[in-house]
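Residue numbers (the working numbering), protein chains in the order written: chain A, 187 to 379; chain B, 367 to 616.
Just so you know, even glycine gets a beta-carbon here, dropped at the ideal spot from N, CA and C.
Remember, it's a predicted structure, so these values are computed and weren't measured experimentally.
Just below is one structure, and these are the notes that go with it.
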Amino acid sequence: MRVIIFLLVLLLPAPALSQDNPTSYIRANVEKVLTILTSAEYEAETNKTEQLRQIEAVVDNFFDSEELSKRSLGQYWKIFTPEQQQEFQPLFLTLIKQVYLKKSITYNDEVVNYNQEIIKSDTLAEVHTTITSPSLNIPIIYYMIRKDVSWKVYDVSVENVSLIKNYRSQFRSILQNNSPDKLIATLREKTNE
Amino acid sequence: MNKRLLLLCLALGIILLQGCAGKKAASSLNQDVSAKQEYEESYDDAGENGGYPDSLEGFNRGVFSFNDGFITYIFSPIDTVYTGFFPPDIRAGFSNFYRNLGYPVRLINALLQFKFDKMAKETASFALNTVFGVGGLFHITHDMPRLQSSPEDFSQTLAFYGLGSGTYLVLPIMGPTTLRDAVGSVADSFAHPLSFVTPDSAKYALIGHDRANTASANLPTYKSIKEESFDHYTSMKDVYFQYRIGLEKE
Numbered sequence: 187m188r189v190i191i192f193l194l195v196l197l198l199p200a201p202a203l204s205q206d207n208p209t210s211y212i213r214a215n216v217e218k219v220l221t222i223l224t225s226a227e228y229e230a231e232t233n234k235t236e237q238l239r240q241i242e243a244v245v246d247n248f249f250d251s252e253e254l255s256k257r258s259l260g261q262y263w264k265i266f267t268p269e270q271q272q273e274f275q276p277l278f279l280t281l282i283k284q285v286y287l288k289k290s291i292t293y294n295d296e297v298v299n300y301n302q303e304i305i306k307s308d309t310l311a312e313v314h315t316t317i318t319s320p321s322l323n324i325p326i327i328y329y330m331i332r333k334d335v336s337w338k339v340y341d342v343s344v345e346n347v348s349l350i351k352n353y354r355s356q357f358r359s360i361l362q363n364n365s366p367d368k369l370i371a372t373l374r375e376k377t378n379e
Numbered sequence: 367m368n369k370r371l372l373l374l375c376l377a378l379g380i381i382l383l384q385g386c387a388g389k390k391a392a393s394s395l396n397q398d399v400s401a402k403q404e405y406e407e408s409y410d411d412a413g414e415n416g417g418y419p420d421s422l423e424g425f426n427r428g429v430f431s432f433n434d435g436f437i438t439y440i441f442s443p444i445d446t447v448y449t450g451f452f453p454p455d456i457r458a459g460f461s462n463f464y465r466n467l468g469y470p471v472r473l474i475n476a477l478l479q480f481k482f483d484k485m486a487k488e489t490a491s492f493a494l495n496t497v498f499g500v501g502g503l504f505h506i507t508h509d510m511p512r513l514q515s516s517p518e519d520f521s522q523t524l525a526f527y528g529l530g531s532g533t534y535l536v537l538p539i540m541g542p543t544t545l546r547d548a549v550g551s552v553a554d555s556f557a558h559p560l561s562f563v564t565p566d567s568a569k570y571a572l573i574g575h576d577r578a579n580t581a582s583a584n585l586p587t588y589k590s591i592k593e594e595s596f597d598h599y600t601s602m603k604d605v606y607f608q609y610r611i612g613l614e615k616e
């Protein structure tokens, strides 16, 4: 099996072998966040906001906001006007960042293992990781897409539960009875909390 | 009549798939196309079929809000006392113990699905944790990747033999389940060692403690789902189905 994987690696086009492969992208970002989280510099309560800002700066480029939005809305993406789409994207990105940040903060004592990288095509990949703590293992999968130079995350699943699919279920149930503008307003309210 | 239609669709499906496979082999370029298709599908999959079966939605929503009240006003305060009294290590010890005890249930269901590798993994974990983990209080195999396997239960066995999940169901106190999962957990309870404990008072105390301890461990997740959701009910339902479908696949 390993030999086959090795041979497959040899067959990959050159760009995939460069620094910018999906796993190294995830690893670099996760490590940056962990370094900030565990740094002694931010031990004091007064420095916590600065710490959060630092982490947010890392997470900023982590996600592909258009892809997140499209997938979370599914079929409803098409009924949004271009203006509504433009309005929705940054708000939803903010929400996902908030959720992701909260999760990474609760997991800060654990070890991250990078188990597997599945390259689906030149532009799609999955990175399978496990977070191991003294009492439990949590499988986390990052779903990635490459539109230009860099890989970006478009979905994260924790214990087989995809974040984006979860929001899609909710948005669908909201949009069945409400207008896109109503959803955008709710989203704005939520992210301002 | 319906069966014939189904067969026809199936046959058509197979022909189409073969067509795809043939093309795929013809040109490596098509690898991209199939990945693209998968991408489009996963992006629309829950879109067309209207989501998960929930024919009792009105009832479920009622029970769900009752449960939410119960969790917020009764269970949460009790949990604060409980977690204050028992430190995390002790609570993890309880949950390891009960998990280890559930071994026969997982073994039988792995057997019923012919998952022999899982039976071996479960048996090795059970032996190691029982002997070296002080009767299962320590989950010493948790960082042995080769011994990890997702738990099997009777509902997954029923799914293995082709039974659908049935409607979503929210039970008072017990929380989210499906018709099949509810039947499955009743069946599993007969094989669970705790059901053989006598007298009955001790049996129900232990089962109750197991449930409460698990619920306590899941409380932070419950709270974060509530906080992060727009539609708490739909979000929980989705988490429940995604998680269960994930287990079925493994």
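* So which residues of chain B does Thr372(A) contact, with C-beta pairs closer than 7 Å? -> Phe596
Q. What is the DSSP secondary structure of Lys338(A), counted as helix, strand or coil?
A. strand
Which residues does DSSP pair with Ser343(A) in a beta bridge?
-> Ile327(A), Ser348(A)
Glu345(A) at chain C interface by Cβ criterion, 8 Å: Considering every chain present, this structure includes no chain C. Its protein chains are A and B.
Exercise for the section: Check each residue of the stretch 353-365 of chain A: if its Cβ is closer than 7 Å to any Cβ of chain B, include it; give the result in chain order. Expected result: Hits within the stretch, in order: Arg354, Ser355, Gln356, Arg358, Ser359, Ile360.
Kindly list the residues whose CB is nearer than 8 Å to the CB of Leu524(B), restricted to its own chain and excluding five residues on each side of it in sequence; keep chain order.
Arg546, Val549, Gly550
Discussion item. The alpha helix (DSSP H) that contains Val285(A), what's its start and end?
Written reply: First-last of the alpha helix (DSSP H) with Val285(A): 268-292.
query: Closest Cβ-Cβ distance between Gly417(B) and chain A: below 8 Å?
result: yes
Give a yes or no on whether the C-beta atoms belonging to Asp206(A) and Tyr340(A) are separated by under 8 Å.
no
* What span of residues does the alpha helix (DSSP H) with His575(B) cover, start to end? -> 566-594
With respect to the alpha helix (DSSP H) encompassing Thr544(B), which residues constitute its N-terminal and C-terminal limits? Thr544(B) -> not in any alpha helix (DSSP H); beta strand (DSSP E) instead, spanning 541-544.
Review point. If you compare alpha carbons, which of Pro586(B), Phe460(B), Ile539(B) is closest to Phe436(B)?
Key: Ile539(B)
- prompt: Among Ser319(A), Tyr300(A), Thr316(A), which has the Cα closest to the Cα of Ser210(A)?
  reply: Tyr300(A)
Are the C-beta atoms of Leu322(A) and some chain B residue less than 8 Å apart? So, interface residue.
Would you say His508(B) faces chain A, with C-beta separation under 8 Å as the test?
-> Taking Cβ atoms only, chain A reaches closer than 8 Å to His508(B), which makes this a yes.
- [ ] Give a yes or no on whether the minimum CB-CB distance between Val285(A) and chain B is below 8 Å.
- [x] yes
For Thr318(A), which residues in chain B fall below 9 Å Cβ to Cβ?
His508, Asp509
Original post:
Can you name, in chain order, every residue of its own chain whose Cβ lies under 7 Å from the Cβ of Leu572(B), other than the five neighbours on each side?
Top reply: Leu560, Val563
Is it buried or exposed for Asn247(A), if we count other Cβ within 10 angstroms and need 16 for buried?
exposed
Helix, strand or coil at Glu217(A) [DSSP, three-state]:
Helix.
- prompt: Start and end of the beta strand (DSSP E) containing Leu537(B)?
  reply: 534-537
task: Could you name the residues of the same chain whose beta carbon sits closer than 6 Å to that of Lys615(B), not counting the 5 residues immediately before and after it, in chain order?
output: none
Q | Beta-carbon contacts of Asp519(B) that lie in its chain and below 6 Å, excluding the five residues immediately before and after | A | Asn475, Gly550, Asp554
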